[in-house]
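Under the numbering used here, the residues of the sequence shown are numbered -12 to 292, in order. Structure first, then comments.
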Amino acid sequence: MNSFVTSIIQQSLIFSITVMGIYISYKILRFADLSADGSFTLGASMSAIMITKGFNPMVSLLASMLAGALAGLMTGVLNVKLKIQDILSSILVMVGLYSVNLRIMGGKANLPLFNHNSLFTDKNPLLILSIATIICAIFFTLFFRTKLGYLLRGIGDNENMITSLGINIGSIKIFALALSNSFIALSGSIMAQYQGFSDINMGTGVLIMGLASIVIGSSIFGRIGFINSSIICIVGTLLYRTSIALSLRVGFDPSDLKLISSIIVVIVLSIGNSGGLFTRRKRHRPEESDVENATILGETGDINA
């Protein structure tokens, strides 16, 4: 396979895990979490420092997920417990994570891993990344078929209705943000091992990339009911990364990447798609299946306030 195509696929698989995390907060929970860039770097820095200290690369993945979950937990606590607006709470966490990430990497802006073993040492990167993405996609899909997953969807569709059932939505929100950021941090951890270093600015633009991928995937599959969310994330990411790579291939300067990303999002949104991410939805008429399942949970007392 051509190295150019292989590189696109490999990077798309890594970033699709990030997009799954962003999908949870933005598409399902309807929570404007801006801390994705910081969480991505957090996962990378945790993985890098642990590997340089001699830890097993797999252990560093778990540690990165835990660190990301703690970042999401902090955002949730600021929003739910301290009543700080979602955007502001995530900005506060994002700003704080910059210093945290620097501290984790020992004050260095860049931490190389070239002389250390990683997940990809003497292994096929495409195979490893495919397995990792499939595992995440299966977990992602199965989770939203659980009682908690239905409740989470119900909260995003009609928060007041779920509250009226006597369910503590605050704790569910906090859990969802922790889960979202753990996905993002995991992706950052894998990226650090894939490229052989962690950089303090490597998470810059991750949020825009994630939103663009979701917009693209939703515009294509939004009206197809049997296509699950993980497929939307993976295909959307692949198409987005392909468009970026082709733009660079035809001669655009790498410094134009952010502008190219913005143009791609504008083009997709301008097409107009009722299944898109930013389509206005009537909050008093949430998806029947989600509210029905949430109502059953409230009546049976599976999750109490």
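All C-beta atoms in this analysis are idealised placements derived from N, C-alpha and C, irrespective of residue type, glycine included. Keep in mind it's a predicted model, so treat the numbers as computed, not measured.
Fewer than three pairs of CB atoms, one per stretch, sit closer than 8 Å, so the segment 147 to 164 makes no contact with the segment -4 to 3. Restricted to the segment 101 to 135, the alpha helix (DSSP H) segments that are unbroken, complete and at least 4 residues in length are 112 to 130, listed in chain order. Taking the C-beta atoms as reference points, G223 is found no nearer than 8 Å to I195.
Going by DSSP, N97 is part of the beta strand (DSSP E) stretching over 97 to 99. As for any alpha helix (DSSP H) of minimum length 4 sitting wholly inside the segment 36 to 93, the runs are 44 to 67, 73 to 91, ordered along the chain. Taking a cut-off of 8 Å for Cβ pairs, the segment 60 to 71 and the segment 40 to 48 do not touch, as fewer than three such pairs fall below it. Sixteen is the threshold: since fewer than 16 other Cβ atoms of the shown chains lie within 10 Å of the Cβ of F130, the residue is exposed. DSSP, reduced to helix, strand and coil, places D144 within a helical segment of the structure shown. CA-CA distance, S230 to L246, rounds to 13 Å.
Per DSSP, the unbroken alpha helix (DSSP H) holding F(-9) starts and ends at -10 to 9.
By DSSP's assignment, F184 forms a beta bridge with P99.
Pairing G153 with T62, the inter-Cα distance amounts to about 24 Å. Taking the C-beta atoms as reference points, L89 is found no nearer than 8 Å to A35.
Annotation: the continuous alpha helix (DSSP H) that includes R228 extends over 216 to 236. Rounded to whole angstroms, the separation of the alpha carbons of S12 and N155 is 18 Å. Inter-residue distance for V87 and L29 is about 8 Å (C-alpha atoms, whole angstroms). The Cβ atoms of L84 and M92 do not sit closer than 8 Å to each other.
Counting the other CB atoms within 10 Å of its CB gives A96 a total below 16, which places it among the exposed residues. The residues L29, G30, M33, A172, in chain order, have a CB closer than 7 Å to that of A54 in the same chain once the five nearest residues on each side in sequence are set aside.
C-alpha of F(-9) to C-alpha of L113: approximately 13 Å in a straight line. L16 carries a coil assignment under DSSP once its states are collapsed to helix, strand and coil. The Cβ atoms of T5 and F170 lie closer than 8 Å to each other. If the five residues before and after A232 are omitted, its C-beta is found closer than 6 Å to the C-beta atoms of I(-5), all from its own chain and listed in chain order. Inside the segment 148 to 199, DSSP marks whole beta strand (DSSP E) runs of 3 or more residues at positions 184 to 186, from first to last along the chain. Counting every other CB atom within 10 Å of its CB across the protein chains shown gives R228 a total of 16 or more, marking it as buried.
Here N215 has T128 as same chain residues with Cβ atoms under 7 Å from its own Cβ, once five neighbours each way along the sequence are excluded. L21 and I78 do touch by the CB rule: their CB atoms are close to 6 Å apart, below 8 Å. By the CB criterion at 8 Å, S105 and I9 fall outside the cutoff.
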